[in-house]
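Engineer:
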Amino acid sequence: MSMHELSLAQSVVEIAVAEATKAGCSRVTSITIEAGVWSGVVREALEFAMTATVKDTMAEGAELIIIEVPGRVKCNACHTEFAAEEYYNACPKCNSTAVSVISGRELQVKSVTAE
Ligand SMILES: [Zn+2]
């Protein structure tokens, strides 16, 4: 298990437990995470880390939903937006490599449900 996913799982569980507590709930039922394709998170590793981290917490047994956000970039030269495999892909319209990432790097807890 990599430290990256383990520390991420710990933060996710902390957030989920805090949200559930704030809502007056006793159990987290699901956690939805948005993870961009360039966030550096390996889905299987995160799932494995979560399984270990939720043990004996309010989030034990909660469903983990990971939404993979595809990579999109915008050309700085001609402002064309396009889907990209890599964030350094050149613009398909003008071939410029000066592009800005619009999405694909996000890594966040999107929602938590609890009861
Ligand atoms: Zn362009």
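The opening position of the sequence shown corresponds to residue -1 in our numbering, with each subsequent residue numbered one higher. Virtual Cβ for every residue (Gly too), placed ideally from N, Cα, C. Since the model is a prediction, treat every value here as computed from it, not as a measurement.
In the DSSP assignment, what residue or residues form a beta bridge with K72?
Structural biologist: BP columns for K72 point to E79 and S98.
Engineer: Taking 8 angstroms as the threshold, find out whether the region 24 to 36 comes into contact with the region 91 to 111 through three or more Cβ pairs.
Structural biologist: The region 24 to 36 is in contact with the region 91 to 111.
Engineer: Helix, strand or coil for E58 per DSSP?
Structural biologist: Note: E58 maps to coil in three-state DSSP.
Engineer: Taking 7 angstroms as the cut-off, is the C-beta of A75 nearer than that to any heavy atom in ligand 1?
Structural biologist: Indeed, a heavy atom of ligand 1 lies less than 7 angstroms from the Cβ.
Engineer: Since E42 is in the alpha helix (DSSP H), which residue starts that stretch and which ends it?
Structural biologist: Taken as a continuous stretch (DSSP letters only), the alpha helix (DSSP H) holding E42 covers R41 to T51.
Engineer: Are the CB atoms of E42 and L62 nearer to each other than 8 angstroms?
Structural biologist: No; because the gap between Cβ atoms is not below 8 angstroms, this pair is not in contact.
Engineer: Are three or more beta carbon pairs between the region 50 to 59 and the region 67 to 80 nearer than 8 angstroms?
Structural biologist: As far as the Cβ criterion goes, the region 50 to 59 does not touch the region 67 to 80, which means the pair count is below three.
Engineer: Can T95 be considered in contact with ligand 1, in the sense that its beta carbon sits closer than 7 angstroms to one or more heavy atoms?
Structural biologist: Incorrect: T95 has no Cβ contact closer than 7 angstroms to ligand 1.
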